[in-house]
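In my numbering, the protein residues as written are 325 to 614.
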């Protein structure tokens, strides 16, 4: 608890948020990463985890201010699949082996139950992570997710963890599958707008939200920040975000930046999008902004 009057609040010397990944995520923040299924949320998040754990720049764009321990709670996929993903990214990015990245394989971790809360507390106390990634978000909640009231226990506990530990929390989350109701309206996101599964209150609860909106016809994908409590992370109105253009070469298939930022990525098998800093070695083409 903290109490200020208007005078003491305005006169207080307060430190700005301390960045974990400069321009992307601060310590003590909750960030949500929303994308449709099979768009590479886990690979994107895994590379983010590897960057924080090793201290290397994320996506050749965002500097990691200080390396630290990462707790990655993998609740989808087999351990073999995660080994294969991690090995491929480690080889591509030339990330040094580190014990800073901790994987916890669980089918669920319901943070609205005493058992799930105690499990996360035990893991946090054991590893003291700077970054926590429960992947995916909907496996952290038991029951329906469509009202703010239903999600309250889960979101309050996540707030408790980030407040008490100062850790950043990154939440990969998916959009619902497109459906059409009796009136002919579709629930799919339009123009890349966020439409995360569950209560709309989730989008306003987090400190920052990022998403990937795919356009399969154009073979492009937009990585953008539709909402942030720190306005500098939201692109200018005339800028949609970071456009990733699909490029196919004999050496690789992947995405590369086409709207300003130098983000390179690799698309492999069905794992989806993995941002990588070795586009030249993979044979991708770089595109200049504009």
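In this text, a Cβ means the ideal position worked out from N, Cα and C, and glycines have one as well.
Counting only the same chain and skipping the five closest in sequence on each side, list residues whose C-beta sits under 6 Å from that of residue 328.
Within the chain shown, residue 328 is the residue found at index 4, counting from 1. Same-chain partners within the cutoff: there are none.
According to DSSP, is residue 552 part of a helix, a strand, or is it coil?
Within the chain shown, residue 552 is the residue found at index 228, counting from 1. Three-state DSSP puts residue 552 in a strand.
Taking only three categories from DSSP, how would you classify residue 426?
Position 102 of the chain shown holds residue 426. Here residue 426 sits in strand by DSSP.
What separation, rounded to the nearest whole angstrom, lies between the Cα atoms of residue 479 and residue 489?
Taking the first residue of the chain shown as position 1, residue 479 is located at position 155. Taking the first residue of the chain shown as position 1, residue 489 is located at position 165. Roughly 15 Å between the two C-alpha positions.
Rounded distance between the beta-carbons of residue 494 and residue 337, thought under 8 Å:
Residue 337 sits at position 13 when you count from the first residue of the chain shown. Residue 494 sits at position 170 when you count from the first residue of the chain shown. Residue 337 to residue 494, Cβ: 30 Å. No contact.
Consult DSSP for residue 470 and reduce its assignment to one of helix, strand or coil.
In the chain shown, the residue the question calls residue 470 occupies position 146. Coil.
When you compare only the Cα positions, how much space is there between residue 419 and residue 333?
For the purposes of this step, residue 419 is taken as the residue at position 95 of the chain shown. For the purposes of this step, residue 333 is taken as the residue at position 9 of the chain shown. Between residue 419 and residue 333, the C-alpha separation is close to 44 Å.
Quick one, which of 344, 530 and 499 has its alpha-carbon nearest residue 392's?
The residue you call residue 392 lines up with position 68 of the chain shown. Minimum Cα distance to residue 392 is reached at 344.
Which residue from 383, 427 and 422 puts its Cα closest to that of residue 404?
Here residue 404 refers to the residue found at position 80 when the chain shown is read from its first residue. The shortest C-alpha separation from residue 404 is found at 427.
From residue 425 to residue 326, what does the alpha carbon distance come to, in whole angstroms?
Along the chain shown, one-based indexing puts residue 425 at 101. Along the chain shown, one-based indexing puts residue 326 at 2. Answer to the nearest angstrom: the Cα atoms are 34 Å apart.
Could you check whether residue 492 and residue 353 sit closer than 9 Å to each other, using their CB atoms as the reference points?
Taking the chain shown and counting its residues from 1, one reaches residue 353 at position 29. Taking the chain shown and counting its residues from 1, one reaches residue 492 at position 168. For residue 353 and residue 492, yes; Cβs fall inside 9 Å.
Hey, how far is the Cα of residue 416 from the Cα of residue 384?
Within the chain shown, residue 416 is the residue found at index 92, counting from 1. Within the chain shown, residue 384 is the residue found at index 60, counting from 1. About 13 Å.
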